[in-house]
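Chemist: Residue numbers (this note's numbering), protein chains in the order written: chain B, 341 to 488; chain V, 341 to 488.
Protein chains: 2
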Amino acid sequence: MAKPDNPDVAQIGALLNTFTTALRNKDAKSAVSVYADDAVDFDLAPPLIIDSKRVRDPAYIQTWFDTWASPIESTPHGVTIRVGGDIAFAYGLQHMTGTKTDGEKVDLWFRATACLERRNGTWKVVHMHNSVPFTMDGSERALLDLKP
Amino acid sequence: MAKPDNPDVAQIGALLNTFTTALRNKDAKSAVSVYADDAVDFDLAPPLIIDSKRVRDPAYIQTWFDTWASPIESTPHGVTIRVGGDIAFAYGLQHMTGTKTDGEKVDLWFRATACLERRNGTWKVVHMHNSVPFTMDGSERALLDLKP
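1. If contacts are defined as beta-carbon pairs under 8 Å, then L414 (chain V) and Q434 (chain V) qualify, I think. What distance do you get, rounded to the angstrom?
2. Does the distance from the C-beta atom of V374 (chain V) to that of V423 (chain V) stay below 8 Å?
3. Confirm, please, whether the CB-CB distance from R451 (chain B) to F429 (chain V) is below 8 Å.
4. Whose CA, out of V:K393, V:V466, V:L356, V:S479, lies closest to the CA of H417 (chain V)?
5. Using beta-carbon positions only, say whether K440 (chain V) and T407 (chain V) come within less than 8 Å of one another.
6. Cα separation between V466 (chain B) and V419 (chain B)?
7. Buried or exposed for S479 (chain B), please, with buried defined as at least 16 other CB atoms from any protein chain shown within 10 angstroms of its CB.
8. Below 8 Å between beta carbons: does that hold for P473 (chain B) and P386 (chain V)?
9. Looking only at C-alpha atoms, which of V:L448, V:A379, V:Y431 sits nearest to R544 (chain V)?
10. State the Cα-Cα distance for the pair C455 (chain V) and G432 (chain V), rounded to the nearest angstrom.
11. List, in chain order, every chain B residue whose beta-carbon is nearer than 8 Å to that of R451 (chain V).
12. Give the DSSP-derived three-state secondary structure of V372 (chain V) in the structure shown.
13. Using a cut-off of 9 Å between C-beta atoms, extract the partners of I427 (chain B) located in chain V.
14. Would you report the Cα separation of D391 (chain V) and I401 (chain V), rounded to the nearest angstrom?
15. Would you verify that the beta carbon of F474 (chain B) is, or is not, closer than 8 Å to some beta carbon of chain V?
16. Have a look at the DSSP bridge pairing and note the partners of Q434 (chain V).
17. For L484 (chain B) and T475 (chain V), what's the separation of their Cα atoms in angstroms?
18. Using the C-alpha atoms, what's the distance from G353 (chain V) back to D447 (chain V)?
19. Give the secondary structure of G424 (chain B) by DSSP, where H, G and I count as helix, E and B as strand, and everything else as coil.
20. Does the beta-carbon of N457 (chain V) have 16 or more other beta-carbons within 10 angstroms, so that it is buried, or is it exposed?
21. Could you give the first and the last residue of the continuous alpha helix (DSSP H) run that contains T462 (chain B)?
22. List the residues of chain V whose Cβ lies closer than 8 Å to the Cβ of A409 (chain B), in chain order.
23. Restricting to Cα atoms, I'd like to know which of B:S370, B:I389, B:D345, B:R364 is closest to K487 (chain V).
24. I need the straight-line Cα distance from Q351 (chain V) to W463 (chain V), nearest angstrom please.
25. When you compare only the Cα positions, how much space is there between E444 (chain V) and R481 (chain V)?
26. Could you tell me the distance, in whole angstroms, from the CA atom of R394 (chain B) to the CA atom of T403 (chain B)?
27. Which one of V:F359, V:S471, V:I421, V:D442 has the shortest CA to CA distance from P347 (chain V)?
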């Protein structure tokens, strides 16, 4: 179990913070820089799998950034980070807030899991999984209003 | 990067297979046995976080098992497993099929990410994240009909 003063945990925390800052600034180039070349995402939006070509393409995430009028605030809560050798994972909740270009106010809690590898001495995200649960009552509704 | 003949990868594959078999047999005790005592799930159904008390409680998963008339087949597709020291992760798609007690036929593709730790010499799941994406068109519909 990694201690809080573990330098790998600190580096991974900094990498995840780079992503948070990139969302806030809607900086597509910085956002995709946290990923390894072969990273694969399971994201809030379809498709089932975001392949590495799209994950690493600034234009892909820019299309989403362009739907926001405000900065995109995504604040991590209760993140657990574990490291072994050149492999690590992190998971916790994210609280995303802001205003879309159509005026919609976003106030969304979702779950985030990141899997990381150290490549050539640098930690990179190889897999990110973001989601909300859905109702099991047959209405097939994504639960976008849950709070922790 | 772990090689296919890596013994840790083989052990983790066997652990995940134990879970698959437990679903098929609706064997709640076996299903919860793959988890560490402090495991936390982000699952298809709410709440946002399934805490360790529920993750490790056979009665909790049994309630879900009891909604199925058939065995629960959940077949992994394209699973990537990486190991570093006592830390590992695995991610890929799952194809879940079967029949619920109300006659509903389930044919669901979802995304699954597992985070693992070796505890006292034995690999255990410390975190599992299962999900489908949702529509971003304002209808807030969980996408239960996507195919890879």
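For glycine and all other residues, C-beta sits at the position ideal for the given N, C-alpha and C. These numbers come from a predicted model, not from an experiment.
Modeler: Working from what's here:
1. Here residue 414 (chain V) turns out to be Ser, not Leu, going by the sequence shown. S414 (chain V) to Q434 (chain V), Cβ: 5 Å. Contact.
2. no
3. no
4. V:L356
5. yes
6. 18 Å
7. exposed
8. yes
9. Nothing can be reported for residue 544 (chain V), as the shown portion of chain V is limited to 341 through 488.
10. 12 Å
11. F382, L388, I389, H469, S471
12. helix
13. A342, R422, V423, G424, G425, I427, A428, F429
14. 13 Å
15. yes
16. V:P416, V:F450
17. 11 Å
18. 24 Å
19. strand
20. The question names Asn, yet the displayed sequence has Glu at residue 457 (chain V). Result: buried.
21. Element bounds for T462 (chain B): not the alpha helix (DSSP H) but the beta strand (DSSP E), 462-471.
22. Correct list: empty, because the minimum Cβ distance to chain V is about 16 Å.
23. B:I389
24. 7 Å
25. 19 Å
26. 11 Å
27. V:I421
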